[in-house]
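Read through the structure below, which is laid out as structure tokens, and then see the notes.
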């Protein structure tokens with residue numbers, strides 16, 4: 641029969657391996673975030689306190705990007721951020737209340753590369769459409 645201390649060490653090792661696998665999977669999942677093309681319309685469900693939904697798209701310098709975020713259902717108060725390819729925030733829109741259903745913006749890209757749209761919930765829960 642194995643020594644109790646050896647069992648404890650083995651259990652600790654197994655837990656560390658499980659944690660490492662979970663972290664690697666989470667990192668891989670973030671790297672595989674959905675890729676949008678100009679003209680796409682996507683939907684999502686989000687709740688306050690949850691991780692923002694991230695949507696990526698590639699754009700060229702001086703491209704004009706029209707963005708529309710619409711609450712479809714629920715009492716969610718949405719917020720939208722856009723980050724450029726270096727991670728800098730280039731657009732930050734927060735709804736003042738749950739009465740606002742739609743926000744639209746047009747952004748001219750200062751640089752080419754992969755950009756990120758982040759949809760988050762300031763309050764409540766609901767569904768949205770992003771185009």
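In our numbering, the protein residues as written are 641 to 771. Think of the CB as a built atom: it goes at the ideal place given N, C-alpha and C, for glycine as much as any other residue.
* In three-state DSSP terms, what is residue 659? -> Any reading at residue 659 must be qualified, since the residue scores a pLDDT of 46, below 50, and its modelled position is unreliable; the value itself is stated next. Here residue 659 carries a helix assignment [DSSP, helix/strand/coil].
* What distance in whole Å lies between the Cβ atoms of residue 766 and residue 714, which are believed to be in contact at a cut-off of 8 Å? -> Separation of the CB atoms of residue 714 and residue 766 is rounded to 2 Å, and the pair is thereby assigned contact status at 8 Å.
* Exposed unless 16 or more other CB atoms sit within 10 angstroms - verdict on residue 671 -> Legend: pLDDT at residue 671 = 48, less than 50; position of this residue unreliable, no value from coordinates given.
* To do: Could you please give the first and the last residue of the uninterrupted beta strand (DSSP E) stretch that includes residue 695?
  => Start and end: 693 to 699.
* Asked: In whole angstroms, what separates the C-alpha of residue 756 from that of residue 699?
  -> C-alpha of residue 756 to C-alpha of residue 699: approximately 10 Å in a straight line.
* Cross-strand partners of residue 680 (DSSP beta bridge) -> None, per the DSSP bridge assignment.
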